[in-house]
Amino acid sequence: MLGPDRGRVRGRCVRLCGMDEKMILGRIGELVDEEHRLRSQVQTGEISNETERARLAALEEALDQCWDLLRRRRAAHDAGTDPDQVTARPADQVEHYLQ
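For the sequence shown, the residue numbers in this note's numbering are 489 to 587.
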């Protein structure tokens, strides 16, 4: 289980320090589940469209950070370096990355 500050969306930032691949994948699953719950809640009128949009934006950033960290950890492993030395990049850096 994740600690109180690990992988939790806080505003527009997600804390991923100290997470291994299994934990990152678990966090991705949690975020996807939350996305599905939000979509259900807006359909049933439990939350407004505005609330859903704001929360989805934060979830998308958190997912992007998780996927970025996972990809970079796998690349480090494939290159023969320690994936535990790879740190999560800030959301604004991940969001504005050009491929």
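Ideal Cβ placement from N, Cα and C applies to all residues, glycine included.
Best match in 539, 525 and 553 for proximity to residue 578 [C-alpha to C-alpha]: The residue you call residue 578 lines up with position 90 of the sequence shown. Cα-wise, what sits closest to residue 578 is 553.
Per-residue DSSP class, three states only, for residue 605: Nothing in the structure corresponds to residue 605, since the chain is present only between 489 and 587.
Assigned exposure category for residue 561 - 16 Cβ within 10 Å defines buried: The sequence position of residue 561 within the sequence shown is 73, counting from 1. Looking at its Cβ environment, which holds 16 or more other Cβ atoms inside 10 Å, residue 561 is buried.
Simplified DSSP assignment, three categories, for residue 539: Start at 1 with the first residue of the sequence shown, and residue 539 comes out as number 51. Residue 539 falls in the helix class under three-state DSSP.
Close-in-space but distant-in-sequence residues of the same chain around residue 555 (CB under 8 Å, 5 per side omitted): Reading the sequence shown from its first residue, position 67 is the one you call residue 555. Within the same chain, residue 555 has close Cβ partners 516.
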